[in-house]
Amino acid sequence: MGIRHLPRGHKALQSPRLYEVLAQEGQPGPRGGYHPPMFSYRHAFHAGNHADVLKHLVLIAALRHLIQKPAPLMAVDTHAGAGIYRLDGEQAETSGEAQDGIFKLVAAAAGGLADPAPALADYLEVVGSFNRAGQPRVYPGSPFVIQRLLRAEARDKLKLFEMHPTDSKALAAHVAQLEAGRQVSVARQDGFESLKALLPPPQRRALVLIDPSYEIKSDYTKVSACLQDSLKRFATGSYLVWYPIIPRPEAHELPRRLKTLANQAGKPWLHATLSIGQRDEAPDPQLPGDAPHRPGLTASGVFMINPPHTLKAALAAALPQLLQVLGRGRGKGQALESGG
Ligand SMILES: C[S@@+](CC[C@H](N)C(=O)[O-])C[C@H]1O[C@@H](n2cnc3c(N)ncnc32)[C@H](O)[C@@H]1O
């Protein structure tokens, strides 16, 4: 894979806010799990992990289809994070999560992953477009992924919401550096609540990414309530939800609830899961953060209501390859189901 890079001197690469200020501030531990106290979640610890790979691959494949129509699109990222992350920064290196995600994929692509599926190749190309050739040093979060695909000429819009005091400032600073003008807006507001005022969009076409940190149990019920409300306001929007697959009843329940919601609304849905399984092999002392008993998330899912009709076939080709490269041991697997 040819990894390109942000132009030399690009402000995003020089930003003290992204690469230095975050590292200087008091950081919570990266292994707080998915239900630590509110706002201890920082996506920088997880950027480029297997869950980001799944989510961003699906996001890109869906957007690619949506931007084929000339009519403008509104994209909303209700839980945006900081926007872009350094993979060689303190946080990413501490957790080492990208090692089991984007780094493995890039190595596989460079080492001759035979015939990557178009959606996988496209994902690698988008991540690569933020990096110079070789090992990626920067990982684009969903705001930068989406913005990279949106069309200025079609007047597509991107609405970003992030509540974390530090990450919302970082996000605003990173977005300012894109110089995207009125195409992108950032607000430090509750994404679940703020979505209401945006639906239905004037464009009458929307992709909504709902990607909470699930720090608190109520996030699960908020996701389904948000979907239910959004479908009432704008039934033809495309809604993409990410969720962790962890041994908690709320996490198991969420995809079931979303299926019920979509079926009741008479809308098609697509559900993809990827589990990289347990870490069987001995830890590599050379890898940063490769601790022997690092618990970490091993599986996650994405649920999309009103997916583009091309998405299922795209994922059917890409998911087995993701598993082939990222799968580790006991419990690994992938699944794709659809309905409606
Ligand atoms: C999983 S991260 C987002 C990652 C990002 N979507 C990506 O793919 O790059 C979830 C983010 O939601 C933020 N957050 C938590 N509750 C929120 C809320 N009610 N509204 C908006 N953002 C929230 C957290 O601070 C965290 O940065």
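Residue 122 in the numbering used here sits at position 118 of the sequence shown, with consecutive numbering throughout.
Quick reminder that beta carbons are idealized off the backbone N, C-alpha and C, glycines included.
query                                                                                                                             : result
Beta-carbon proximity list for residue 70, same chain, < 8 Å, skipping 5 on both sides                                            : 77, 209, 211, 242, 312
Segment contact, 8 Å Cβ cut-off, at least three pairs: the segment 212–225 with the segment 44–54                                 : yes
Short Cβ contact (8 Å threshold) for residue 126 with residue 68                                                                  : yes
Pairwise C-alpha distance: residue 72 and residue 318                                                                             : 16 Å
DSSP-derived helix/strand/coil call for residue 277                                                                               : strand
Exposure of residue 30, with buried meaning 16 or more beta-carbon neighbours within 10 Å                                         : Confidence is the limiting factor: at residue 30 the pLDDT is only 32, short of 50, which leaves the residue's position unreliable and the question unanswerable from this model.
Assigned secondary structure, residue 163 (DSSP; H/G/I helix, E/B strand, else coil)                                              : strand
Cross-strand partners of residue 214 (DSSP beta bridge)                                                                           : 245
beta-carbon residue 165 near ligand 1 non-hydrogen atom, thresh 7 Å                                                               : yes
Same chain only: Cβ atoms within 8 Å of residue 96, ignoring 5 sequence neighbours per side                                       : 48, 49, 51, 52, 89, 90, 102, 143
Contact belief for residue 149 with residue 164 at Cβ below 8 Å, rounded distance in angstroms                                    : 12 Å between Cβ atoms; not a contact.
Spatial neighbours of residue 36 in its chain, beta-carbon cut-off 8 Å, leaving aside the 5 residues before and after             : Caution is warranted here: a pLDDT of 36 is assigned to residue 36, below 50, making its placement in the model unreliable, and the coordinate value is therefore given only provisionally. Closer than 8 Å at the Cβ level, and outside the excluded window around residue 36, lie 44, 45.
Check: residue 119 C-beta below 7 Å from any heavy atom of ligand 1                                                               : no
Closer than 7 Å: residue 93 CB and nearest ligand 1 heavy atom                                                                    : no
Where the beta strand (DSSP E) through residue 259 begins and ends                                                                : First-last for residue 259: 253–269, but that is the alpha helix (DSSP H), not the beta strand (DSSP E).
Where residue 183 sits in the DSSP three-state scheme                                                                             : coil
Exposed unless 16 or more other CB atoms sit within 10 angstroms - verdict on residue 185                                         : exposed
Distance, residue 315 Cα to residue 66 Cα                                                                                         : 6 Å
Proximity winner among 339, 98, 92, relative to residue 306 (alpha-carbon distances)                                              : 339
For residue 228, the nearest candidate out of 262, 170, 108, 64 (CA to CA)                                                        : 262
Range of the contiguous beta strand (DSSP E) that encloses residue 339                                                            : 337–343
Endpoints, the alpha helix (DSSP H) within which residue 233 is located                                                           : 222–237
Among 193, 304, 152, nearest to residue 58 - alpha-carbon criterion                                                               : 304
Limits of the alpha helix (DSSP H) - the one that residue 99 falls within                                                         : 94–99
Residue environment, residue 113, which counts as buried when at least 16 other CB atoms sit within 10 Å                          : buried
Residue 200 beta carbon near ligand 1 (any heavy atom closer than 7 Å)                                                            : no
Own chain partners of residue 166 with C-beta closer than 6 Å, once the 5 adjacent residues on each side are dropped              : 84, 172, 175
Buried versus exposed call for residue 328 [16 or more other C-beta atoms within 10 Å across all chains shown]                    : exposed
Best match in 170, 259, 129, 179 for proximity to residue 162 [C-alpha to C-alpha]                                                : 179
Element boundaries [alpha helix (DSSP H), containing residue 146]                                                                 : 146–153
For residue 305, the residue or residues it bridges with in DSSP                                                                  : 247, 277
Beta-carbon contacts of residue 158 that lie in its chain and below 8 Å, excluding the five residues immediately before and after : 71, 74, 75, 76, 77
Where residue 104 falls, given that 16 or more other Cβ within 10 Å makes a residue buried                                        : buried
Other residues of its chain near residue 192: CB distance less than 7 Å, five sequence neighbours each side excluded              : 166, 167, 172
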